[in-house]
Amino acid sequence: MAFLQRPARWMQLLASNSRAYSAAPNFAFELTARKTSDDDMAGFDLSDVLVIATGSERVHPATLRRFTQRFARYNLREAVIRPSYGLAEATVYVATRTAAQPPHIVRFESEKLTAGKAERCESGTGTSLVSYGMPRSPIIRIVDPETCVECPAGTVGEIWVHGDNVAMGYWGKPEETESTFGGKLVAASAGTPEGPWLRTGDSGFVFEDELFVIGRIKDLLIVYGRNHSPDDIEATVQEITGGRCAAIAVPDAHTEKLVVVMEVKKRASPTRR
Numbered sequence: 001m002a003f004l005q006r007p008a009r010w011m012q013l014l015a016s017n018s019r020a021y022s023a024a025p026n027f028a029f030e031l032t033a034r035k036t037s038d039d040d041m042a043g044f045d046l047s048d049v050l051v052i053a054t055g056s057e058r059v060h061p062a063t064l065r066r067f068t069q070r071f072a073r074y075n076l077r078e079a080v081i082r083p084s085y086g087l088a089e090a091t092v093y094v095a096t097r098t099a100a101q102p103p104h105i106v107r108f109e110s111e112k113l114t115a116g117k118a119e120r121c122e123s124g125t126g127t128s129l130v131s132y133g134m135p136r137s138p139i140i141r142i143v144d145p146e147t148c149v150e151c152p153a154g155t156v157g158e159i160w161v162h163g164d165n166v167a168m169g170y171w172g173k174p175e176e177t178e179s180t181f182g183g184k185l186v187a188a189s190a191g192t193p194e195g196p197w198l199r200t201g202d203s204g205f206v207f208e209d210e211l212f213v214i215g216r217i218k219d220l221l222i223v224y225g226r227n228h229s230p231d232d233i234e235a236t237v238q239e240i241t242g243g244r245c246a247a248i249a250v251p252d253a254h255t256e257k258l259v260v261v262m263e264v265k266k267r268a269s270p271t272r273r
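Just so we're aligned: the sequence shown equals residues 1 to 273 in UniProt numbering.
Right, here's the structure in full:
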């Protein structure tokens, strides 16, 4: 609550403690960049911050850019930002970028990505995604959720995790435990365990030996046979309008149509006070 009341408190605390390590979801970075004034940061220096991990929700490249640009004048190093991917079933941690490296952002061809293929976009358009690196432990594989066969590099599938940090299951829920923690690969590649694997329910892919996360499979919007991430659509709309929005798929007689619900603020007429 103290952070929501005054987001600047976060940066002030980091500047006031040597070798500080912190973590927050994407919305906290966005809120802090927008709500922290120069007066709030007067006399503060962020050069000694060690790590600020960002995870828990989709990490948006535009948010990272605004955050690092906003606090660069207070000596915040871009390399301290660590995009991280994890979930409770894997004791919070799955993957994060290597220390001392700034976030790695890659643009992919949007149309091919919706068709399940990752290909670098050479123009200034495309879908920007943040890399989460590739851990040595736990083991990560991208798997076709229907066939349980490993996907080749550059192909979108479900993220599966295998390692000592993966939990044994859900307490008192054997059916949910089997479906989530009991994944088994069909024709596992050499050196890859057959199972059991944690099926994360998250969509992603490996590109140039780095993990990229798209979003929750159950949240994907299927429109005209293409898979669209609501996070991508909502982020694009918010960049244009600055308002809150939600992307949903609405069925009609033959298919599903994309609908964006937006928050609209009432503004007084210029002639009225």
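Each residue gets a CB set at the ideal place from its N, CA and C atoms; glycine is no exception. Computed from a predicted model, the values in this text were never measured in an experiment.
DSSP state of residue i mapped onto helix, strand, coil
{"i": "P174", "result": "helix"}
{"i": "A88", "result": "helix"}
{"i": "F44", "result": "coil"}
{"i": "E78", "result": "helix"}
{"i": "L50", "result": "coil"}
{"i": "A153", "result": "coil"}
{"i": "R273", "result": "Unreliable placement is indicated for R273, whose pLDDT of 43 sits below 50; no coordinate value is reported for it."}
{"i": "L129", "result": "strand"}
{"i": "D202", "result": "strand"}
{"i": "T96", "result": "strand"}
{"i": "A24", "result": "strand"}
{"i": "V237", "result": "helix"}
{"i": "E111", "result": "helix"}
{"i": "P230", "result": "helix"}
{"i": "E263", "result": "coil"}
Beta bridge counterpart(s) of residue i as assigned by DSSP
{"i": "R6", "result": "Answer is none; R6 lacks a bridge partner."}
{"i": "V59", "result": "None, per the DSSP bridge assignment."}
{"i": "G183", "result": "W197"}
{"i": "G215", "result": "S203"}
{"i": "H162", "result": "I139"}
{"i": "R120", "result": "F108"}
Distance CB(residue i)-CB(residue j) smaller than 7 Å
{"i": "A95", "j": "G43", "result": "no"}
{"i": "V106", "j": "I140", "result": "no"}
{"i": "F67", "j": "A33", "result": "yes"}
{"i": "R199", "j": "G215", "result": "no"}
{"i": "residue 278", "j": "E150", "result": "With the chain covering 1 to 273 only, the question about residue 278 has no answer from this structure."}
{"i": "D219", "j": "R58", "result": "no"}
{"i": "I159", "j": "G191", "result": "no"}
{"i": "F108", "j": "T127", "result": "yes"}
{"i": "L261", "j": "A246", "result": "The identity of residue 261 in the sequence shown is Val, whereas the question assumes Leu. Yes, Cβ-Cβ distance for V261 and A246 is below 7 Å."}
{"i": "P61", "j": "L31", "result": "no"}
{"i": "S137", "j": "E210", "result": "no"}
Nearest residue (CA-CA) to residue i, options the options
{"i": "G157", "options": "I142, V264, V149, N165", "result": "I142"}
{"i": "G201", "options": "E122, L113, V213, Q69", "result": "V213"}
{"i": "residue 293", "options": "I81, F207, R73, V51", "result": "Any property of residue 293 remains undetermined from this structure, which presents the chain solely from 1 to 273."}
{"i": "V237", "options": "K218, V264, I217", "result": "V264"}
{"i": "residue 275", "options": "E119, W10, S22, F27", "result": "Given a span of 1 to 273 for the chain in the structure shown, any question on residue 275 remains unanswerable."}
{"i": "D144", "options": "A53, I217, D40, A246", "result": "I217"}
{"i": "A23", "options": "C148, V51, D39, Q5", "result": "V51"}
{"i": "R77", "options": "G195, P103, E194, P174", "result": "P103"}
{"i": "A20", "options": "D40, A53, N26", "result": "A53"}
{"i": "C121", "options": "P25, F207, S56", "result": "F207"}
{"i": "C148", "options": "L185, F71, R244", "result": "L185"}
Report yes or no: do three or more beta-carbon pairs, one from the region 14-22 and one from the region 42-58, lie closer than 8 Å?
-> yes
Evaluate contact between the region 71-86 and the region 112-129, counting only Cβ atoms and requiring at least three cross-stretch pairs below 8 Å.
-> no
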